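Take the sequence shown: its letters are residues 0 to 171, numbered as in numbering that gives the first Met the number 0.
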Amino acid sequence: MTDHLSEEQISASVDGQLEAEERRLLEAHLTGCEKCRKIFEEMSEVSRLFRHEELTPPTDLWRRISTELDSPGRRSRQWRLSWARKKISAAAAAILLVLAGSAWLFLRYRSEDAFRRMALQELDRVHTVLTTRHSGSYNPFRTSSVAGSNSNPFSSGRLSEAANPFRTLARQ
0 MTDHLSEEQI
10 SASVDGQLEA
20 EERRLLEAHL
30 TGCEKCRKIF
40 EEMSEVSRLF
50 RHEELTPPTD
60 LWRRISTELD
70 SPGRRSRQWR
80 LSWARKKISA
90 AAAAILLVLA
100 GSAWLFLRYR
110 SEDAFRRMAL
120 QELDRVHTVL
130 TTRHSGSYNP
140 FRTSSVAGSN
150 SNPFSSGRLS
160 EAANPFRTLA
170 RQ
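The following block contains the structure:
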């Protein structure tokens, strides 16, 4: 036979819900179909396991459960578990705080360096515009100067190149 019974039909047979004619057709099919017979046997076994008589709990079951719940050993174990959870939570919070602070510092100083570079580029652009726009000896932004002299007319000349905070950024 190529047609198989549905699991619903087999289940109805196991539960005794089929009419006599349907039951006879099902049994005839099961004799010739190994697959359906195997499903029928599995369902019959499960049904048999569930048909056992209902178990009644012991009369002192609730007393034993309540005694166990009220015992001091149980509370101390719960307290230890809650204390361990608090320790783990505190450690996790500290790790998250360190990570968040590190990320904030990294992003803050990274953006400040980018801002400094952009400011130096803008100063360089302004300097270039002003030196090309004005020519002559009256131009205070002109970079050409006599060797050894200071090209900035506003500088006192007392500061060394090492004191310039933008020196390292300007070379990048």
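All C-beta atoms in this analysis are idealised placements derived from N, C-alpha and C, irrespective of residue type, glycine included. Here the structure is a predicted model, which means the values were calculated and not measured.
Only residues of its own chain outside the window of five on either side were considered, and among them Leu29 have a CB closer than 6 Å to the CB of Arg36, listed in chain order. Using a 10 angstroms sphere on the CB of Ile64, the tally of other CB atoms stays under 16, which defines it as exposed.
Residue burial annotation: Val128 is exposed, with fewer than 16 other C-beta atoms found within 10 angstroms of its C-beta. Between Ile9 and Phe39, the C-beta spacing is below 8 Å. Between the beta-carbon of Leu24 and that of Ser12 there is about 10 Å, and that puts the pair past the 8 Å contact cut. Between Glu7 and Ala19, the alpha-carbon positions lie close to 17 Å from each other. Contact between Ser46 and Asp14 holds: CB atoms are separated by about 7 Å, below the 8 Å threshold. Around the CB of Leu122, fewer than 16 other CB atoms lie within 10 Å, so the residue is classed as exposed. By the Cβ neighbour-count rule, Leu4 is buried, with 16 or more other Cβ atoms within 10 Å of its own.
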